[in-house]
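Notes follow the structure.
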Amino acid sequence: MWFYILTGAFFIAIGLAVHVFKWYFLIAGYNTMSKEKKANVDTEGLGRLMGVYSYVNGGVLIVMGVLHALGLKPVLTPVILIFGITTVYFLIRAQKYDGNIYDKSGNLIEGAWKQFALPVGTVVVTLIFVVILMFFSSQETKVTFLEEGLQIHGMYGEIYSWESIDTVKLMEELPTIEMRTNGSALGSNLKGHFRTTELGSVKLFVNTQKSPYIYLESDEGDIILNMKNEDETQKVFEEILRIIK
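Note that the sequence shown covers residues 0 to 244 in this note's numbering.
The following block contains the structure:
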């Protein structure tokens, strides 16, 4: 909850600093320009654009925080999409305010296309990263029973030796999740490190809509996972129980 609210407040603060207080030195790229090039930039228009960009994304994050505070569990996908779309628009639209790239008629200056390489490259890399993250975050949990231990595949997965597992039990409900510390949360799919009220720090490999859940207490930390359906989760639980006993 607080992560979303504080991050949203930070976005809005940056927007106000640039848009209202005209702290244009905060704009990446502009602050490294020579005085001659800075003179050709429409800082007022660029500041207004950055302000709107920051207000929109900051507002979305604060709304997410408020929904979490109310006990709701909004999916993260719309936030990622909004951030991606607004970032692409901002990076492309911002070039229009640069008189070093466009002339007063709005036409691209000859040879200035090279300056698009960085923003376009950033957009492409960002979109590829988001798509890859969304793909792997949405994958169902897969495990392999090895001689040395239990292997959990995918993002944040690793091998947990049988000797390190002290307790295994089946849970019908997840502990209360306070925040994500280092992981992904794409809709009902949670992978990575999270902080909970009852258990503290745990590593999750779960679809929150498909109970039950297997809880493993090990020397390497607490892990909670489930499979694509209840029957498979039950089978994995029974096999783990059989091996460690």
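In this text, a Cβ means the ideal position worked out from N, Cα and C, and glycines have one as well.
Terminal residues of the alpha helix (DSSP H) in which residue i lies
| i | result |
| --- | --- |
| histidine 18 | 1–18 |
| valine 167 | Careful: valine 167 lies outside any alpha helix (DSSP H), inside the beta strand (DSSP E) at 164–170. |
| glycine 220 | Unbroken run through glycine 220 is the beta strand (DSSP E), 220–224; no alpha helix (DSSP H). |
| lysine 34 | 34–37 |
| asparagine 56 | 42–68 |
| lysine 95 | No alpha helix (DSSP H) holds lysine 95; DSSP gives it neither H nor E. |
| threonine 232 | 229–243 |
Residue range of the unbroken beta strand (DSSP E) whose run includes residue i
| i | result |
| --- | --- |
| isoleucine 213 | 212–217 |
| threonine 195 | 188–195 |
| tyrosine 159 | 158–160 |
| threonine 180 | 176–185 |
Exposure label - residue i; buried when at least 16 CB within 10 Å
| i | result |
| --- | --- |
| asparagine 225 | buried |
| isoleucine 100 | buried |
| glycine 44 | exposed |
| lysine 202 | buried |
| valine 205 | buried |
| phenylalanine 128 | exposed |
| histidine 18 | buried |
Cβ distance (whole Å) where residue i is taken to contact residue j below 8 angstroms
| i | j | result |
| --- | --- | --- |
| phenylalanine 10 | serine 53 | 5 angstroms |
| glutamate 219 | phenylalanine 144 | With a Cβ gap of about 17 angstroms, glutamate 219 and phenylalanine 144 do not count as contacting. |
| threonine 196 | glutamate 177 | 6 angstroms |
| alanine 12 | leucine 25 | The Cβ separation is near 10 angstroms, so there is no contact. |
| methionine 0 | glycine 58 | The Cβ separation is near 16 angstroms, so there is no contact. |
| isoleucine 243 | isoleucine 158 | Not really, about 15 angstroms apart at Cβ, beyond 8 angstroms. |
| leucine 189 | leucine 75 | Not a contact, Cβ separation roughly 10 angstroms. |
One or two residues paired with residue i in a DSSP bridge
| i | result |
| --- | --- |
| threonine 205 | Looking at the sequence shown, residue 205 is not threonine but valine. Note: valine 205 sits in a beta bridge opposite Leu189. |
| glycine 199 | Thr195 |
Minimum Cβ-Cβ distance from residue i to chain C less than 8 angstroms
| i | result |
| --- | --- |
| histidine 192 | Among the chains in the structure shown there is no chain C, since it carries only a single protein chain. |
**Request:** Scan the region 119–154 and note each continuous beta strand (DSSP E) run of 3 residues or more that stays entirely inside, going in chain order.
**Result:** 142–144 and 148–151
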